[in-house]
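Quick note, the sequences are listed as chains P and S, same order.
Under the working numbering, think of the first position of the first sequence as -15, with each following residue one higher.
Under the working numbering, think of the first position of the second sequence as 64, with each following residue one higher.
Positions of the beta carbon are idealized from the N, C-alpha and C atoms, including for glycine.
Please read the structure below before turning to the comments.
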Amino acid sequence: MRVTVQSLLLLAAAALLVACAGQPINTKLGAFDGTSGYRYRNLSSEGNADDLLVILAFSGGGTRAAAFSFGVMEGLSDTKYRGRNGERALLEDVDVISSVSGGSFTAAYYALFRKEFFKEFPGTFLHRDIEGDLLLRALSPVNWVRLASPGFDRIDMAAELYDEVIFKGAKFSDLLNPPRRPFIILNATDMTLGHRFEFTQDQFDLLCSDLGPLKVANGVAASSAFPGLLSPLTLKNFSAEGCGYQAPGWLTDAAQKGNPMPRYVPAREALSYQAREHGRPYIHLLDGGLADNIGLRGPYMALSSDASPWSVLSRINQGRVRRVVVITANAKTKPSHDWDQRRRAPGVFSVLGFVASGPMDNYSFDTVQMVRDFFTQQNADIKSVNDCAVRIKDACGVTGTDQRRIVDFFAVELSFDAVDDDALRGCLDNLPTSFALPQKTAGLLRVVARSLLMGSKDFHAAMRTIDPAWTPSPVTIDPALRAAVCAPSASR
Amino acid sequence: MEHVIVEFPERREVFMGGVSQGDNLNDSGGYWVLPVAEGWHTFTLGGPKDFAPESQGVDVRGTTPGQPLHIVFTKKV
């Protein structure tokens, strides 16, 4: 009898949860207000060096990417320099973190729990068997009932887990309390458009939805919803009900026909969320890595154009930014295969695995190169205009000369490709993409990230512009740790 | 990347697509050469509404840092 009562209670609880699951996870925006909510402009720099803009981009790659990006954060915390108000860490100057998939766990945790970040994040996430936790939940009979309902899917179960054990019920509105940088951009992929979808209020305005009450765990879950393993995260698009949305001028300018495609297409597609005819009442989101696996496309738009809610180019024109440092933590791997040792073609799983990651890795390489080329061109353009002004002044004594604002641009890419030691690089390139890594593997990734940061010539150049007396902190990779992870018999 | 200069006889804040791009004039009395993305932009000025036109949409293409596009606002008398 007791068993029957327990079963009934269990079923009742499941039915209640199923009923709750039928509701959309996002809420309607009462009335559009382009000034409030989680936006870059609403976050204060709180003591940041005003004219120094530091952007971090964290790639996907499961716990491997989370540990690698965490190591970069540790390195930035160790990067002490002498500023106007005494010694400070470069980490305090980070203005924006744009992240994808595994990197989104690091970014979101830092934004929410800054004081406990270095102490708590390894135990809370890096050393946790998230995959095992998800499997346990999937085996629970309560979740069988819930998963059988149309309003609850595997992604919702993952978001619940992340919310309970990692993000502790935090909502996006909590990122405004206090309202300080860095501005976190969690990137997912809109399945219909195949384009980036950001968890920012500027993006949610287009859905007439309020980002504030949404759990941060939902944003991280969407950003890391690897196709097949997790289902897409579904948002309700309330735009058909109206909210008085007014597109900003820069967006309507960018959406003018005839504009270059990289500016026109994203703007046109952003406005498509508001389309009344052939509208899209639901938006399905998958892993951000499908559109941009290093989270650098958004920052590139902000750096190179006005077609971004946080246009860096506009801030440069305003004279508010003199130095720009973009640090990319790219945890991509190049697993070795024996495909070419055999005449027989690789099997279907090998082909699917390659198709899932190969094109994105190439695209990521191109994005990093675009940022580098853009910075090189900008540095050259500034020099050309201002050298000309100096020559005119010297030759003709003319004082009123046209000038470009002086800005120094630095692009720092941290990836396993930059590891000089072939054996270590080979070891890192064969680490798995999963949400369960041995503690020592996470430890090795952290120290490799710090070592790459401190060894980067581009980072040295950036730091010496900020503080000419700066010197990198030495980083040693413990041979025992390396052997424990990279020995042929090691479990990775 | 394209380049523009916004001409007006006084120092004024320049707005492009509704977003400030700083002042038109630099401290030497010359103009700031503003880098902008290629394509359509709507320009206007801040301060008193004593300029014409009120705003202008311009398709910015084919400029260089040394040969920027001049966008001219005149002072109303």
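| message | On the DSSP letters alone, give me the boundaries of the alpha helix (DSSP H) that Gln187 (chain P) sits inside. | response | Here the alpha helix (DSSP H) through Gln187 (chain P) covers 185 to 189.
| Residues of the segment 282 to 315 of chain P whose Cβ lies closer than 7 Å to any Cβ of chain S, in chain order | Against chain S - using a Cβ distance shorter than 7 Å - the residues of the segment 282 to 315 of chain P are Ser288, Ser289, Asp290, Ala291, Ser295, Leu297, Ser298, Asn301, Gln302, Gly303.
| Contact set between the segment 91 to 107 of chain S and chain P, restricted to residues whose Cβ is under 8 Å from the partner | Correct list: Ser91, Gly92, Gly93, Tyr94, Trp95, Val96, Leu97, Pro98, Val99, Ala100, Glu101, Gly102, Trp103, His104, Thr105.
| request: Could you please give the first and the last residue of the uninterrupted alpha helix (DSSP H) stretch that includes Gln423 (chain P)? | output: In the DSSP assignment, Gln423 (chain P) falls within the unbroken alpha helix (DSSP H) covering 423 to 439.
| C-beta neighbour in chain S for Gly228 (chain P), strict 8 Å | It does not; no Cβ of chain S falls within 8 Å.
| task | Using a cut-off of 9 Å between C-beta atoms, extract the partners of Gln353 (chain P) located in chain S. | result | Neighbours of Gln353 (chain P) on chain S: none; closest Cβ ~16 Å, over 9 Å.
| request: May I ask which residues mark the beginning and end of the alpha helix (DSSP H) holding Phe102 (chain P)? | output: Its alpha helix (DSSP H) spans residues 101 to 105.
| For Gly273 (chain P) versus Ser85 (chain P), is the C-beta spacing smaller than 8 Å? | Yes. Within cutoff.
| For Val432 (chain P), is the classification buried or exposed, using 16 other Cβ atoms within 10 angstroms of its Cβ as the cut-off for buried? | Val432 (chain P) sits buried, since 16 or more C-beta atoms from the chains shown fall within 10 Å of its C-beta.
| field | Where the alpha helix (DSSP H) containing Arg281 (chain P) begins and where it ends | value | Where Arg281 (chain P) is concerned, the enclosing alpha helix (DSSP H) stretches over 281 to 288.
| request: Give a yes or no on whether 8 Å exceeds the smallest Cβ distance from Val135 (chain S) to chain P. | output: No - not a single Cβ of chain P is within 8 Å of the one on Val135 (chain S).
| Cross-chain neighbours of Gln215 (chain S) in chain P, by beta carbon under 7 Å | Any question about residue 215 (chain S) goes unanswered here, given that chain S covers just 64 to 140.
| request: Give the single residue among S:Val99, S:Pro116, S:Ala100, S:Gly125 whose Cα lies nearest to the Cα of Thr107 (chain S). | output: It is S:Pro116 whose Cα lies nearest to the Cα of Thr107 (chain S).
| message | Tell me the DSSP secondary structure of His444 (chain P) in three-state form. | response | Note: His444 (chain P) maps to helix in three-state DSSP.
| query | Measuring CA to CA, which of P:Ala41, P:Lys99, P:Phe419, P:His111 is closest to Gly427 (chain P)? | reply | Answer by Cα proximity: P:His111.
| Quick one: which chain S residues come within Cβ less than 7 Å of Trp234 (chain P)? | Result: Gly80, Gly81, Val82.
| said: Strictly under 8 Å for the Cβ-Cβ distance: is Pro111 (chain S) near chain P by that measure? | reply: It does not: the Cβ of Pro111 (chain S) has no partner Cβ on chain P nearer than 8 Å.
| Mind pulling the beta strand (DSSP E) runs of 3 or more residues that sit fully within the segment 209 to 264 of chain P? | Counting only runs of 3 or more, we get 217 to 220.
| field | Test: Gln485 (chain P) CB closer than 8 Å to a CB of chain S | value | Lying outside -15 to 476, the shown extent of chain P, residue 485 (chain P) is not represented and no answer is given.
| field | Assigned secondary structure, Leu132 (chain S) (DSSP; H/G/I helix, E/B strand, else coil) | value | Of the three classes helix, strand and coil, the one that applies to Leu132 (chain S) here is strand, per DSSP.
| query | Is there a Cβ from chain B that is less than 8 Å from the Cβ of Asn243 (chain P)? | reply | No chain B appears in this structure, whose protein chains are P and S.
| request: Would you kindly report the start and end of the unbroken alpha helix (DSSP H) that includes Ser207 (chain P)? | output: Unbroken alpha helix (DSSP H) run through Ser207 (chain P): 200 to 207.
| field | Cβ-based neighbour list, Met354 (chain P), same chain, cut-off 7 Å, excluding 5 preceding and 5 following | value | Contacts found: Tyr284.
| How would you list, in chain order, the residues of chain S whose beta-carbon sits under 8 Å from the beta-carbon of Cys380 (chain P)? | Cys380 (chain P) does not reach chain S, its nearest Cβ partner there being about 13 Å away, counting only Cβ pairs nearer than 8 Å.
| request: Report the rounded CA-to-CA distance for Val82 (chain S) versus Trp234 (chain P), giving the unit in angstroms. | output: Using only the alpha carbons, I get a separation of about 7 Å.
| said: At the 8 Å Cβ level, is Asn87 (chain S) part of the contact set with chain P, yes or no? | reply: Interface residue (Cβ-Cβ distance to chain P less than 8 Å): Asn87 (chain S) is not classified as such.
| request: Have a look at P:His321, P:Asn277, P:Val391 and flag the residue whose alpha-carbon is nearest the alpha-carbon of Val478 (chain P). | output: With chain P covering only -15 through 476, there is no way to say anything about residue 478 (chain P).
| field | Beta-carbon proximity check, Ile150 (chain P) vs Phe222 (chain P), cutoff 8 Å | value | The answer is no: Cβ separation not under 8 Å.
| query | In chain S, which residues lie with their C-beta within 7 Å of the C-beta of Cys372 (chain P)? | reply | Listed along chain S are Gly129, each with a C-beta nearer than 7 Å to that of Cys372 (chain P).
| Span separating the alpha-carbon of Asn127 (chain P) from that of Pro211 (chain P) | If you take the alpha carbons of Asn127 (chain P) and Pro211 (chain P), they lie about 20 Å apart.
| query | Is the shortest distance between the beta-carbon of Arg247 (chain P) and the beta-carbons of chain S less than 8 Å? | reply | Yes, Arg247 (chain P) lies at the interface with chain S (some Cβ there is under 8 Å from its Cβ).
| Would you report the Cα separation of Gln84 (chain S) and Thr105 (chain S), rounded to the nearest angstrom? | Cα atoms of Gln84 (chain S) and Thr105 (chain S): separation of roughly 12 Å, rounded to the nearest angstrom.
| query | Using a C-beta to C-beta distance shorter than 9 Å, which residues of chain S count as neighbours of Asp77 (chain P)? | reply | Correct list: empty, because the minimum Cβ distance to chain S is about 22 Å.
| request: Pull up the CB-CB distance for Ala91 (chain P) and Leu159 (chain P), whole angstroms please, since I reckon it's below 8 Å. | output: No, Ala91 (chain P) and Leu159 (chain P) are not in contact; Cβ-Cβ is about 11 Å, not under 8 Å.
| chain S residues whose Cβ lies nearer than 7 Å to that of Gln187 (chain P) | Identification of chain S residues near Gln187 (chain P) by a Cβ-Cβ cut-off of 7 Å yields none; the smallest Cβ-Cβ distance measures about 18 Å.
| With a cut-off of 8 Å, do at least 3 Cβ pairs link the segment 199 to 219 of chain P to the segment 162 to 177 of chain P? | Contact between the segment 199 to 219 of chain P and the segment 162 to 177 of chain P is established, with three or more Cβ pairs separated by less than 8 Å.
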